[in-house]
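Just so it is clear: in the sequence shown, position 133 is 140 by the numbering used here, and no numbers are missing.
Backbone N, C-alpha and C fix where the C-beta goes; we use that ideal spot for every residue, glycine too.
Nothing here was measured: the structure is a model prediction, and the numbers come from that model.
Structure first, commentary second.
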Amino acid sequence: MGKRNEWSEAWQIAAVYIGTVIGAGFATGREIIEFFTRYGAAGTVGVAVSGFLFTWGGVRLMVMARRIGASSYDELNRYLFGKTVSPFVTLMMTAMIGGVTAVMIAGAGAVFEEQLGWTRQGGVALTLALALMVMLLGRKGLFGVNVFVVPMMVLFSVFTFMKTVMAGELCRADVVASDYSLKAVLSPFSYAAFNLAMAQAVLVPVAREASDEQIVKRGAVLGGIVLTVLLLLNHIVLLSFPYKGSYDIPMAEIVHTFFSVLYWFYVFVIYGEIFTSVIGGLFGLERQVRVWVPVRGKWLVILLVVLFAAVSPFHYGELLSFIYPLFGYISLILLWLLWRRKLPR
Numbered sequence: 008m009g010k011r012n013e014w015s016e017a018w019q020i021a022a023v024y025i026g027t028v029i030g031a032g033f034a035t036g037r038e039i040i041e042f043f044t045r046y047g048a049a050g051t052v053g054v055a056v057s058g059f060l061f062t063w064g065g066v067r068l069m070v071m072a073r074r075i076g077a078s079s080y081d082e083l084n085r086y087l088f089g090k091t092v093s094p095f096v097t098l099m100m101t102a103m104i105g106g107v108t109a110v111m112i113a114g115a116g117a118v119f120e121e122q123l124g125w126t127r128q129g130g131v132a133l134t135l136a137l138a139l140m141v142m143l144l145g146r147k148g149l150f151g152v153n154v155f156v157v158p159m160m161v162l163f164s165v166f167t168f169m170k171t172v173m174a175g176e177l178c179r180a181d182v183v184a185s186d187y188s189l190k191a192v193l194s195p196f197s198y199a200a201f202n203l204a205m206a207q208a209v210l211v212p213v214a215r216e217a218s219d220e221q222i223v224k225r226g227a228v229l230g231g232i233v234l235t236v237l238l239l240l241n242h243i244v245l246l247s248f249p250y251k252g253s254y255d256i257p258m259a260e261i262v263h264t265f266f267s268v269l270y271w272f273y274v275f276v277i278y279g280e281i282f283t284s285v286i287g288g289l290f291g292l293e294r295q296v297r298v299w300v301p302v303r304g305k306w307l308v309i310l311l312v313v314l315f316a317a318v319s320p321f322h323y324g325e326l327l328s329f330i331y332p333l334f335g336y337i338s339l340i341l342l343w344l345l346w347r348r349k350l351p352r
């Protein structure tokens, strides 16, 4: 394989990693507020800690999964937690991935309701219909969506940060505060642990299907670095906005307030990022459930989409504020075991 093809595959892996993490919460800004921005300047240190954990943890998780030949997160859990505990962990993790995917689908409904004036149920229905079409394409659909959407999110985050600097709104003293409580200290660890736990549903099968281990490492490092930069830029922009806690989709309100000419494009980017995480969640669940239930992939995808249609009555902001911090603390044990367990030769 030539150098160009190796870097192309590494970027595809990085894009899937980035796209899975940058879901409903990250793209809309709600998740960044919940874990970092609410702690003010202390949250900036938290961003750096999480960025390191994303890079280190992504490499370790994917290389470990590849070396043991894991095709689903259940097989990786058996190595990390042991045969006795792993069935319970896998069931809990499946419930968590299902819960987070439900939050993402509700987030898509919130975009349509809060930003476009549609009904929430209409936005959810359209999202699930598009997800079904992409899922039927399999791994090509997963890579295709992320390679298209992730560069747009990178460019827009950089541009929004630069515009905030030029507008003279960056981190004004009247909106920046510091909170050094225990929750502020634990937050970057629970955030990274939570996202690694959710992303492993996609990263484990992707690592197995990659051409070689060096490409997997390269893709994980690229993904971790880009995630760190995006997290930092969006955190600083949110830190500069005084009314961020009042909205389900604060990043869209920031763009609407300061850069209205780009507003509709940004709504499209936010929706695209939410959609990549919906696809990632469905992809990981489908691969895992296929191990348990002898159903052909196409019918399993349809069944999962129908089940997730039931989330349309739920409110996005309420789901995220409850589910994400709870799952973050539960996932800390995964982060600890990634550090403790030796990489198999």
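query	result
contact_flag[the region 94–102, the region 224–241] where n(CB pairs < 8 Å) is 3 or more	no
Euclidean distance between Cα positions of residue 29 and residue 281	7 Å
Selection from 121, 107, 83 that minimises the alpha carbon distance to residue 274	121
Nearest to residue 66 (by Cα), restricted to the options 24, 194, 139	24
Cβ distance (whole Å) where residue 26 is taken to contact residue 284 below 8 Å	7 Å
Any chain C beta carbon closer than 8 Å to residue 292	Absent from the structure is chain C; it holds one protein chain and no more.
Distance between residue 266 and residue 295 (C-alpha atoms, nearest Å)	43 Å
Distance, residue 245 Cα to residue 181 Cα	Any reading at residue 181 must be qualified, since the residue scores a pLDDT of 49, below 50, and its modelled position is unreliable; no value is offered.
Segment limits, alpha helix (DSSP H) that includes residue 223	220–246
Assigned secondary structure, residue 124 (DSSP; H/G/I helix, E/B strand, else coil)	coil
Own chain partners of residue 342 with C-beta closer than 6 Å, once the 5 adjacent residues on each side are dropped	200
Run of the alpha helix (DSSP H) containing residue 194, from where it starts to where it stops	189–216
Spatial neighbours of residue 14 in its chain, beta-carbon cut-off 8 Å, leaving aside the 5 residues before and after	225
Inter-residue spacing [alpha-carbon to alpha-carbon] between residue 278 and residue 118	7 Å
Residue closest to residue 170, alpha-carbon to alpha-carbon, out of 235, 159, 83, 269	269
Residue 288 beta carbon less than 8 Å from that of residue 39	no
Limits of the unbroken alpha helix (DSSP H) element including residue 78	Careful: residue 78 lies outside any alpha helix (DSSP H) and carries neither H nor E.
Cα-Cα separation between residue 21 and residue 158, rounded to whole angstroms	11 Å
Secondary structure of residue 116, DSSP reduced to three states	helix
CB of residue 43 within 8 Å of CB of residue 247, strictly	no
Cβ distance (whole Å) where residue 227 is taken to contact residue 69 below 8 Å	5 Å
Own chain residues within Cβ distance below 8 Å of residue 309, not counting five before or after	139
Residue 284: first and last residue of the uninterrupted alpha helix (DSSP H) it sits in	270–299
Where the alpha helix (DSSP H) containing residue 28 begins and where it ends	10–28
Buried/exposed call for residue 126, threshold 16 Cβ in 10 Å	exposed
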